[in-house]
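In this note's numbering, the protein residues as written are 856 to 1338. Every residue gets a Cβ at the ideal spot worked out from N, C-alpha and C, and that includes glycine. First the structure, in the form of C-alpha cells, and then the observations on it.
Shown next, in the form of C-alpha cells:
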C-alpha cells in the first residue's frame, strides 16, 4: 500500500478488545508507585524526608487509597534505586504522623484519614512524571530562563488573521447556537483537507476538534482504558502523557527508540508479553529526543499493532513544519486497524489558541465525541471557524536549527547532539555544570522522561541561567532544546 493510499476509514471495531470493567483493588506494583511519586528526589533535604513527603502527598490527593498496602521496604528501595534505610526511615516518619500503619504479617498500609485535604490543597501539583513542569507553569519562571518548555509566543501573522476572522465570521457565528461537540463543520473540513494533503485521506466525519492534544489523549484514555489496563509507550517519552494514562488507572510499559523511532522488535515483544489496550507514539517529532520516525518504521508499527489488535494513538503535535515528513501512521494502517492521529496548533502557531483535533475512523470519532460532550459540550467558536495554521502563511517558520546548535555547542556546558533534529526539542546528554564555561548555570527540578524506572538516569534536568547571561551562554535559540 502506498503512503498516499491510506487504509480504509471504517475499521472492524469489534476486532479490538474492549477494556474490562474495573477490577477489585490489588496490591500495587512498585513501578506503579514510582510513577505516582513522580519527581520526588528534587529539592533540598534528606532523601527519606522527601520520600515521606511524596508518599504523604499521594495519600492526600487520593493516588493511594485508604487501606492500600505499600511495598515492603526492600522492594520499594529496589524500585526507587535508594537504600533500604531510606525507605525504612520514611515509613517510620509516616507512622509517626499516623499516615501509615504496620502490622506483622500484613505489611504497611495507608491509614484512612478523617477529613483528608483535597488534591492541591497544599499549593502543589499532585504527584506525577510531569509535576515539576506543570508546577513551573503555575509558579512562573522566576528569575531564570528555563529550557524546560520548548514553546514560544504566537506567530506574527496570527493577530491579523484572528482580527479578520472575527470581523468576517463573527455575525454568522453569533446566529448559530455555538454547540458543536465535534467542532465547527468549517474547521473539520479544513483539518480534513490538511490531512489529505499530507498523504492521509480524511473526510470531515473523521475529525473531532479538541482543546489541544492533551484533551485528545484524555478522551482516548477514557474510552480505551480502565484500572490495570496496559499502555505501551516510547521510553524516553513525554511525561505529561504518562500522567494522563496513569490518571486513568493504566500501567505503562516502555519500549526504547533508535534513530528510526520506536524499536519494532521490542514493540512486538511487548505486545506479545503484555497484551496492551493501547499504543501511544510520537512519530513526528518525538519529544524529548526530536526523532523523526521513518516511513518504513511507521508501516511496521501499523502492521504489528494490527496483528496484535492494539489501537494506536499517534501524537503529531510537535511538528512545526519544514522538511518533508512521511504521512501519519494512519496512512499505512492495514484493513481493520484502528489508528487515532492527534495534532494541534499549539507548537506551529500558538498554544493559546487551544485548538487541536483527532483523526480516526468515523465510528471511533462518534464514540470520542460522546466523551467530549460530557467534558465541555463544545469548543469555543471565536477561533474555530477557519483553522489558522492550516494555511502556510500562518505556520511557524522552521527554526535555523543547525546554526543555533553550532553556536550553542561552543558556549553551553553540556554536550549537544552532533546533529540537531527538526521540531521543537532535541535530546542531549548533560554532564555536571562546568565552572569555567558557565559558572552561573543551575539545574532546575526535572521531570522523568522514562517509564518503568525510578532511577536517577531517567531524569533529564533542564539547564537554566539568569537572564543577563542568557545571550552569552547561547541558550535563547529559535528552537530551545529540551533535555
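Cβ neighbours of residue 884 in the same chain (closer than 8 Å, five flanking residues each side left out): Numbered from its first residue, the chain shown carries residue 884 at position 29. Excluding positions up to five away in sequence, the list reads 1106.
Contacting residues, own chain, Cβ-Cβ under 8 Å from residue 930 (five flanking each side not counted): If you number the chain shown from 1, residue 930 lands on position 75. Around residue 930: 885.
With distances taken from CA atoms, which of 1219, 1180, 1181 is nearest residue 1345? Residue 1345 falls outside the range modelled here, since the chain spans only 856 to 1338, and no answer is possible.
To the nearest angstrom, how far is it from the Cα of residue 891 to the Cα of residue 1133? The count along the chain shown starts at 1 and reaches residue 891 at position 36. The count along the chain shown starts at 1 and reaches residue 1133 at position 278. A direct Cα-Cα distance of roughly 20 Å separates residue 891 from residue 1133.
Local Cβ density within 10 Å of residue 1210, reported as buried at 16 or more and exposed below that: Taking the chain shown and counting its residues from 1, one reaches residue 1210 at position 355. By the 16-neighbour rule on beta-carbons within 10 angstroms, residue 1210 is buried.
Between which two residues does the alpha helix (DSSP H) containing residue 1019 stretch? For the purposes of this step, residue 1019 is taken as the residue at position 164 of the chain shown. Here the alpha helix (DSSP H) through residue 1019 covers 1012-1030.
Indicate the three-state DSSP secondary structure (helix, strand or coil) for residue 954 in the structure shown. For the purposes of this step, residue 954 is identified with residue 99 of the chain shown, where counting begins at 1. Of the three classes helix, strand and coil, the one that applies to residue 954 here is coil, per DSSP.
Looking only at DSSP bridge pairs, what is residue 1087 linked to? Walking along the chain shown from the start, residue 1087 turns up at place 232. Bridge partners of residue 1087: 1108, 1134.
Would residue 909 and residue 1036 qualify as a contact pair, given that the criterion is a beta-carbon distance under 9 Å? Taking the first residue of the chain shown as position 1, residue 909 is located at position 54. Taking the first residue of the chain shown as position 1, residue 1036 is located at position 181. At the C-beta level, residue 909 and residue 1036 stay beyond 9 Å of one another.
Suppose contacts are defined by Cβ-Cβ distances below 9 Å. Is residue 1153 in contact with residue 1184 by that definition? As a first step, residue 1153 must be located in the chain shown, where it is residue number 298. As a first step, residue 1184 must be located in the chain shown, where it is residue number 329. Residue 1153 is a Cβ neighbour of residue 1184, given a cutoff of 9 Å.
N- and C-terminal bounds of the alpha helix (DSSP H) containing residue 1220: Looking up residue 1220 in the chain shown gives position 365. Per DSSP, the continuous alpha helix (DSSP H) segment holding residue 1220 begins and ends at 1217-1231.
Is residue 1100 helix, strand or coil by DSSP? Taking the chain shown and counting its residues from 1, the one referred to as residue 1100 is at position 245. Here residue 1100 sits in helix by DSSP.
Beta-carbon spacing of residue 1345, residue 1092 below 9 Å: Outside the shown range of the chain, which is 856 to 1338, sits residue 1345, and nothing can be said about it.
At which residues does the beta strand (DSSP E) containing residue 963 begin and terminate? As a first step, residue 963 must be located in the chain shown, where it is residue number 108. Element bounds for residue 963: 962-965.
Use the C-beta contact count for residue 1113: other C-beta atoms within 10 angstroms, 16 or more gives buried, fewer gives exposed. Reading the chain shown from its first residue, position 258 is the one you call residue 1113. Per the 10 Å Cβ criterion, exposed.
Checking the sheet assignment: what are the DSSP bridge partners for residue 1195? Counting from one through the chain shown, the residue named residue 1195 turns up at place 340. In DSSP, residue 1195 forms a bridge with 1168.
Can you tell which of 1055, 1040, 1077 has its C-alpha closest to the C-alpha of residue 1100? Indexing the chain shown from 1 puts residue 1100 at position 245. Distance from the Cα of residue 1100 is smallest, within the candidate group 1055, 1040, 1077, for 1077.
Residue(s) in a DSSP beta bridge with residue 1117: Counting from 1 along the chain shown, the entry for residue 1117 is found at position 262. The bridge partners DSSP lists for residue 1117 are 1112.
Mind checking who residue 1212 pairs with in its DSSP beta bridge? Translated into positions along the chain shown, residue 1212 becomes position 357. Bridge partners of residue 1212: 1064, 1198.
What is the DSSP secondary structure of residue 924, counted as helix, strand or coil? Here residue 924 refers to the residue found at position 69 when the chain shown is read from its first residue. In this structure, residue 924 counts as strand in the three-state DSSP scheme.
Report the option in 941, 1041, 1116, 1155 whose CA atom is closest to the CA atom of residue 1063. Counting from 1 along the chain shown, the entry for residue 1063 is found at position 208. Closest option to residue 1063, judged by alpha-carbon separation, among 941, 1041, 1116, 1155: 1041.
Check for me: the alpha helix (DSSP H) holding residue 891 runs from which residue to which? Locating residue 891 in the chain shown gives position 36, where the first residue counts as 1. 885-892 is the extent of the alpha helix (DSSP H) around residue 891.
First and last residue of the uninterrupted alpha helix (DSSP H) at residue 900: Here residue 900 refers to the residue found at position 45 of the chain shown. In this chain, residue 900 is not harboured by any alpha helix (DSSP H), its DSSP state being neither H nor E.
Quick check: is the beta carbon of residue 945 nearer than 9 Å to any beta carbon in chain C? Of the protein chains in this structure there is only one, and it is not chain C.
Evaluate residue 918 with the Cβ neighbour count: other Cβ atoms within 10 Å of its Cβ, from every protein chain shown; 16 or more gives buried, anything less gives exposed. By 1-based counting over the chain shown, the position of residue 918 is 63. Answer is buried; the Cβ neighbour count reaches 16.
Are the beta-carbon atoms belonging to residue 1159 and residue 1195 less than 9 Å from one another? As a working note, residue 1159 is residue 304 in the chain shown. As a working note, residue 1195 is residue 340 in the chain shown. No, the pair does not count as a contact, with Cβ atoms beyond the cut-off.
Can you list, in chain order, the residues of its chain whose CB lies under 6 Å from that of residue 1103, leaving out five sequence neighbours each side? On the chain shown, residue 1103 is found 248 positions in, with the first residue counted as 1. Counting only Cβ-Cβ distances below 6 Å, and skipping sequence neighbours, we find 1076, 1080.
Nearest-angstrom Cα separation, counted from residue 1095 out to residue 893: On the chain shown, residue 893 is found 38 positions in, with the first residue counted as 1. On the chain shown, residue 1095 is found 240 positions in, with the first residue counted as 1. So the two alpha carbons sit approximately 11 Å from each other.
Tell me whether residue 946 sits in a helix, a strand or coil according to DSSP, three-state version. Working through the chain shown from its first residue, we reach residue 946 at position 91. In the three-state reduction of the DSSP assignment, residue 946 falls in the helix class.
Determine, using beta carbons only, whether residue 1129 and residue 1108 come nearer to each other than 9 Å. Residue mapping note: residue 1129 aligns to position 274 of the chain shown, counting from 1. Residue mapping note: residue 1108 aligns to position 253 of the chain shown, counting from 1. Note that the C-beta distance between residue 1129 and residue 1108 is below 9 Å.
Tell me whether the beta-carbon of residue 1054 lies closer than 9 Å to the beta-carbon of residue 1186. Stepping through the chain shown from its first residue, residue 1054 is reached at position 199. Stepping through the chain shown from its first residue, residue 1186 is reached at position 331. Their beta carbons are under 9 Å apart, which means residue 1054 touches residue 1186 by this criterion.
Same chain, Cβ closer than 6 Å to residue 1115, five either side skipped, listed in chain order: Numbered from 1 along the chain shown, position 260 holds the residue referred to as residue 1115. So the list reads 1149, 1152, once near-sequence residues are dropped.
Could you spell out where the alpha helix (DSSP H) holding residue 1155 opens and where it closes? Walking along the chain shown from the start, residue 1155 turns up at place 300. Residues 1150-1162.
DSSP-derived helix/strand/coil call for residue 1053: One-based indexing of the chain shown puts residue 1053 at position 198. Coil, per DSSP.
On the CB-based measure, 16 or more other CB atoms within 10 Å of its CB, does residue 900 come out buried or exposed? Taking the first residue of the chain shown as 1, we reach residue 900 at position 45. It is exposed - the Cβ of residue 900 has fewer than 16 other Cβ atoms within 10 Å.
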